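Just so you know, the sequence shown maps onto residues 10 to 398 in this note's numbering.
Where a beta carbon is used, it is the ideal one built from N, C-alpha and C, also for glycine.
Predicted, not measured: the structure shown is a model, and the values here were computed from it.
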Amino acid sequence: MQFEFYVPTRIIFGEGALEELKSRALPGKKALLVTSSGSSAKRSGALDKVLAALAAQGAECVPFGRIGANPDLPTVNEGARVAREEGCDFIVALGGGSVMDAAKAISVTAPNGKNYWDFVAAGTGGGMPVKNSPLPVVAITTTAGTGSEADATAVVTNPATNEKIGFVHPGMFPVLSVVDSTLTYGVPPQLTAFQGFDALFHATECYVSNKANKMSEMLSLTSMGYCAKYLARAVKDGRDEEARDGMSFANMLSGMVMTLSGCTSKHGMEHALSALSPSLAHGAGLIMLAHAYYAHMISVHACDDRFVAMAHAMGAFDASSPQDFLKVLDALMRECGVANLRMSDYGITPQHFPALAKNAMSSMKRVFLNDRVPMTEGDVIAIYQKSYR
Ligand SMILES: [Fe+2]
């Protein structure tokens with residue numbers, strides 16, 4: 010059994026950790042400050058704290074508050090243009106996964122070219138080498154979902170081709186990440202659930218992946234345990250400090266797990282959904298697919314013992330069959346109020362399924378290779394159909 014553990018990000022974790030930023034060495038003198046197009050970071054006071062920390066160290070700051078959910082290619086390219094023209098030498102990402110991923114994509118593009126898609130090594134991406142080191146990124150996460158603060162992946166949608174591709178480059182690990190669960194207190198209940206399930210599924214997919222190893226398994230099982238224990242509590246009471254801290258921890262572990270192992274085809278199938286319907290949150294799409302997806306993997310006996318182990322990790326200590334995992338999963342979705350999400354609410358119809366399957370299997374081929382039992386196009390379409398409401 011082999012693995013390589015390379016997570017070179019300095020992570021400052023804990024309630025109130027953002028206060029630490031002002032006393033930590035910054036990787037440059039002029040930051041592109043990437044934030045969302047909403048005002049949550051301003052409302053929570055996090056933006057003021059970040060600005061104060063930059064000012065305290067004499068760093069200049071160029072604001073770029075244009076990132077929406079499911080960040081798109083034109084916005085990334087615009088961010089890179091601003092960073093280049095303003096002479097920014099590092100990037101600060103303050104926000105959730107979309108903001109952190111956009112910041113990473115900007116960090117690759119700004120010193121290397123004008124079009125991020127030239128470097129994306131999948132789908133219609135150009136696969137050009139990243140010759141110059143990406144700009145260093147400081148990530149300050151305000152959600153507990155994508156694990157982007159602890160991995161080297163950026164997920165960006167190209168609206169011209171309807172592709173949503175996760176691109177990995179070792180230069181995209183943030184140099185410094187702040188994981189301060191108090192910044193997640195204002196996340197509304199449903200978004201908390203969507204993001205928390207994303208974290209959970211990073212752990213479950215990486216555990217059933219053929220890339221799993223002893224190190225990733227340890228982190229995966231711990232993350233699942235924290236999600237099972239704390240996600241519903243965080244959904245029900247956003248100011249439950251212990252639950253928020255637990256979910257921030259689980260999410261960070263899940264980010265590391267993705268660098269050690271790899272997500273499976275469910276992530277590819279979801280990317281196709283939210284590329285088609287950008288208003289669909291990534292976590293919501295994953296939740297819609299989850300039951301049918303895992304039922305399929307259990308039906309082909311992809312790894313029966315691993316499903317039992319996941320049920321154990323999630324608190325079903327008397328679990329003895331792979332089906333017990335489905336029971337625990339369904340119960341958690343019900344408890345979090347997300348058991349009845351419908352694709353039809355997002356304009357997705359069964360007529361889309363053949364094209365979605367093709368899109369998923371080409372643009373996210375990388376994760377399909379991680380399945381223990383390879384998916385056929387027919388399997389993918391059948392899972393979409395069974396997930397449809
Ligand atoms: Fe994800």
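ALA119 and VAL129 have their C-alpha atoms some 14 Å from each other. Around the beta carbon of GLU172, 16 or more other beta carbons sit within 10 angstroms, so the residue counts as buried.
If you keep only unbroken beta strand (DSSP E) runs of at least 3 residues inside the segment 99–137, you get 99–104.
If you check the C-beta of HIS321 against ligand 1, you find no heavy atom less than 8 Å away. Shown here, PHE377 sits in a helix according to DSSP, grouped into three states.
A direct Cα-to-Cα measurement between LYS220 and ALA78 gives close to 29 Å. Relative to ligand 1, the beta carbon of PHE210 is positioned inside 8 Å of a heavy atom. Residue pairing of LYS173 in beta bridges, as defined by DSSP: THR166.
Counting along the chain, VAL187 sits inside the beta strand (DSSP E) bounded by residues 185–188. Scanning MET256, VAL317, ALA111, THR273 for the CA closest to the CA of LEU192 turns up MET256. Between ARG253 and TYR239, the CB-CB gap stays under 9 Å. In the assembly as shown, VAL217 is a buried residue. Its beta-carbon has 16 or more other beta-carbons within 10 Å. For VAL71, the pairing in a beta bridge is given by DSSP as LEU41. Ligand 1 has no heavy atom closer than 8 Å to the beta-carbon of LEU228. For ILE307, there is no enclosing beta strand (DSSP E); the enclosing alpha helix (DSSP H) covers residues 291–308.
Secondary structure of ALA161 (DSSP, three-state): coil.
Taking the C-beta atoms as reference points, LYS113 is found nearer than 9 Å to PRO183. From the listed residues VAL187, ASP81, PRO80, SER116, the smallest Cα separation to VAL91 is found for SER116.
Not one heavy atom of ligand 1 lies closer than 8 Å to the C-beta of ASP98. Within its own chain, the residues whose Cβ lies closer than 8 Å to the Cβ of LYS223, once the five positions on either side in sequence are excluded, are MET10, PHE12, listed in chain order. Remark: C-beta atoms of TYR355 and LEU282 approach each other more closely than 9 Å. Using a Cβ distance threshold of 9 Å, ARG398 and ARG351 count as a contacting pair. Secondary structure within the segment 245–283: the alpha helix (DSSP H) runs of 4 or more consecutive residues, fully enclosed, are 250–269 (chain order). Taking LEU144 as reference, the option from MET227, ILE100, ILE296 with the minimal CA-CA separation is ILE100. In the three-state DSSP reduction, ASP327 falls in the coil class, being neither helix nor strand.
Between ligand 1 and ASP160, a heavy atom-to-CB distance of less than 8 Å is absent. Counting the other CB atoms within 10 Å of its CB gives HIS276 a total of 16 or more, which places it among the buried residues.
Fully contained in the segment 318–367 are the following alpha helix (DSSP H) runs of length 4 or more, in chain order: 332–344. Annotation: VAL108 to THR84 spans about 11 Å, alpha carbon to alpha carbon. With contacts defined as CB atoms closer than 9 Å, VAL188 and ILE21 qualify as a contacting pair. Short note on CYS236: C-beta not closer than 8 Å to any heavy atom of ligand 1.
According to the DSSP assignment, PHE22 belongs to no alpha helix (DSSP H) but to the beta strand (DSSP E) extending over 19–22. A distance criterion of 8 Å places the beta-carbon of GLY105 beyond contact range of ligand 1, judged by its closest non-hydrogen atom. Non-local beta-carbon contacts of SER371 in its own chain, meaning distances under 7 Å to residues more than five positions away in sequence, involve GLY132 in chain order. Leaving aside the five residues that flank ALA311 on each side, the residues in its chain whose CB is nearer than 8 Å to its CB run, in chain order, VAL217, ASP380, ARG381, VAL382.
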